[in-house]
């Protein structure tokens, strides 16, 4: 069944070499786009200008071309669209939904350690295991905030998540894959589990969470197909979409490609990089087989399309 309005995307950060996990996600998105008659887009998530380089960006595109993947529009580079993210951040600030947070990582760590030592219980953590931001500066006066900012103190713009969920208290997303626990269908978003996440910094008006929802909306992405490690982050993405009035895409979180020890692949693991496999003489079809995309009619793309259309 053709759906010319379907838009899929692959959005790596060009800060290292693509590995087999990236290949799996890129190939599934590309196969879905072609099977549905839709578009496949490439996006370079390069807001981390210290680690992302043109060399890695070029290697990403070379590896994708080697795999037989073609994109239907010029790649979007996040570093070229900071004005879009700044506008979104300003819209949230106008609703008093973000605040300048001045605690450094060391101060957060010291606060958490002191609490756990004094209270004898663990400080709450987000789904990735990081301690929630204490929020000691959440209710600082406008004067104090302006003074500290004018004094040059480093800060990050954080979302006041409690205030935000008062504005949009009930959120779900349409999940066509599965959570790490096997959940699918209408998933209840739980953004409070993430605490006051960073949406921007004093020198960069965005973060992963903010830029990904803005980009998906601007590019008209209808289907976000990505690794299961990002399943829980969707709660924050749905909250931001609701606050900014953005149409949410359908989601499909797929299993991860793991190493021999059952761990998530890393860009530092050179033996699983696409470039190293290419140099070893493997073909694109060899890599497809390695990630389980050969030998099944339709494969994962067919499974996802059937779920989307049911």
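In the UniProt record's numbering, the protein residues as written are 1 to 310. Note that beta-carbon positions come from the ideal geometry of N, C-alpha and C, so glycine has one too.
task: May I have the straight-line CA-CA distance separating residue 37 from residue 6, to the nearest angstrom?
output: For the purposes of this step, residue 37 is taken as the residue at position 37 of the chain shown. For the purposes of this step, residue 6 is taken as the residue at position 6 of the chain shown. Spanning the two alpha carbons is a distance of roughly 7 Å.
Same chain, Cβ closer than 6 Å to residue 2, five either side skipped, listed in chain order: Position 2 of the chain shown, counting from 1, holds the residue named residue 2. The predicted position of residue 2 is uncertain, since its pLDDT is 46 and thus under 50; a value taken from the coordinates is nonetheless stated next. 37, listed in sequence order.
query: In or out: residue 294 buried (at least 16 other Cβ within 10 Å) or exposed?
result: Residue mapping note: residue 294 aligns to position 294 of the chain shown, counting from 1. Label assigned to residue 294: exposed.
task: Check whether the stretch 118-135 touches the stretch 163-173, taking contact to mean three or more Cβ pairs, one atom from each stretch, closer than 8 Å.
output: no
message: By alpha-carbon positions, which one of 54, 68, 228 ends up nearest to residue 182?
response: The count along the chain shown starts at 1 and reaches residue 182 at position 182. Of all alpha-carbon atoms in 54, 68, 228, the one lying nearest the alpha-carbon of residue 182 is that of 228.
message: Tell me which residues share the same chain as residue 205 and place their Cβ nearer than 7 Å to its Cβ, disregarding the 5 neighbours each side in the sequence.
response: Indexing the chain shown from 1 puts residue 205 at position 205. Cβ within range, chain order: 82, 85, 86, 89.
task: Check residue 232 in the structure and name its three-state DSSP category.
output: In the chain shown, counting from the first residue as 1, residue 232 sits at position 232. It is coil, neither helix nor strand.
- request: Compare the C-alpha of residue 32 against each of 69, 12, 150, 281 and name the closest.
  value: Reading the chain shown from its first residue, position 32 is the one you call residue 32. Answer by Cα proximity: 69.
- request: Taking 8 Å as the threshold, find out whether the stretch 211-218 comes into contact with the stretch 173-180 through three or more Cβ pairs.
  value: no
query: So, helix, strand or coil for residue 220, using DSSP?
result: To locate residue 220, count along the chain shown from 1; it is residue 220. Annotated three-state conformation of residue 220 is coil, per DSSP.
query: Just how far apart, CA to CA, sit residue 12 and residue 77?
result: The count along the chain shown starts at 1 and reaches residue 12 at position 12. The count along the chain shown starts at 1 and reaches residue 77 at position 77. Straight-line Cα distance between these residues: approximately 11 Å.
- prompt: What is the DSSP secondary structure of residue 66, reduced to helix, strand or coil?
  reply: Position 66 of the chain shown, counted from the first residue, corresponds to residue 66. Residue 66: helix per DSSP, three-state reduction.
- request: Would you be able to state if there are at least three C-beta pairs under 8 Å between the stretch 41-50 and the stretch 237-257?
  value: Segments in contact, no.
Residue range of the unbroken alpha helix (DSSP H) whose run includes residue 291: Position 291 of the chain shown, counted from the start, is the residue given in the question as residue 291. Per DSSP, residue 291 is not a residue of any alpha helix (DSSP H), being assigned neither H nor E.
message: For residue 17, count the other beta carbons within 10 Å of its own beta carbon; 16 or more makes it buried, fewer makes it exposed. Which is it?
response: By one-based count along the chain shown, residue 17 stands at place 17. When all chains shown are included, residue 17 counts as buried.
field: Distance, residue 130 Cα to residue 124 Cα
entry: Locating residue 124 in the chain shown gives position 124, where the first residue counts as 1. Locating residue 130 in the chain shown gives position 130, where the first residue counts as 1. Whole-angstrom Cα-Cα distance: 9 Å.
field: N-terminal and C-terminal residue of the alpha helix (DSSP H) that residue 105 is part of
entry: The count along the chain shown starts at 1 and reaches residue 105 at position 105. Judged by DSSP secondary structure, residue 105 falls within the alpha helix (DSSP H) whose first and last residues are 105-119.
message: Restricting to Cα atoms, I'd like to know which of 162, 136, 232 is closest to residue 315.
response: Outside the displayed range of the chain (1 to 310) lies residue 315, so it cannot be described from this structure.
message: For residue 154 and residue 115, what's the separation of their Cα atoms in angstroms?
response: By 1-based counting over the chain shown, the position of residue 154 is 154. By 1-based counting over the chain shown, the position of residue 115 is 115. Between residue 154 and residue 115, the C-alpha separation is close to 24 Å.
task: Compute the Euclidean distance between the alpha carbons of residue 278 and residue 23, then round it to the nearest angstrom.
output: Here residue 278 refers to the residue found at position 278 when the chain shown is read from its first residue. Here residue 23 refers to the residue found at position 23 when the chain shown is read from its first residue. Distance between the alpha carbons of residue 278 and residue 23 is about 12 Å.
query: Buried or exposed: where does residue 54 fall if 16 or more other Cβ atoms within 10 Å of its Cβ makes it buried?
result: For the purposes of this step, residue 54 is taken as the residue at position 54 of the chain shown. Residue 54 comes out exposed.
- prompt: Tell me the DSSP bridge mates of residue 56?
  reply: Translated into positions along the chain shown, residue 56 becomes position 56. Answer by DSSP bridge pairing: none, since residue 56 is not bridged.
- prompt: Thinking C-beta only, is residue 291 closer than 8 Å to residue 9?
  reply: Within the chain shown, residue 9 is the residue found at index 9, counting from 1. Within the chain shown, residue 291 is the residue found at index 291, counting from 1. It is not a contact, given that the beta carbons lie outside the stated cut-off.
- prompt: What's the C-alpha gap between residue 180 and residue 200?
  reply: Taking the chain shown and counting its residues from 1, the one referred to as residue 180 is at position 180. Taking the chain shown and counting its residues from 1, the one referred to as residue 200 is at position 200. If you take the alpha carbons of residue 180 and residue 200, they lie about 28 Å apart.
- request: Note down, in chain order, each residue of its chain lying with its Cβ closer than 7 Å to the Cβ of residue 71, except the 5 sequence neighbours on either side.
  value: Here residue 71 refers to the residue found at position 71 when the chain shown is read from its first residue. Contacts found: 40, 41, 42.
task: Spatial neighbours of residue 254 within its chain, please: CB distance less than 6 Å, with the 5 preceding and 5 following residues excluded, ordered by chain position.
output: In the chain shown, residue 254 corresponds to position 254, counting from 1. Around residue 254: 177.
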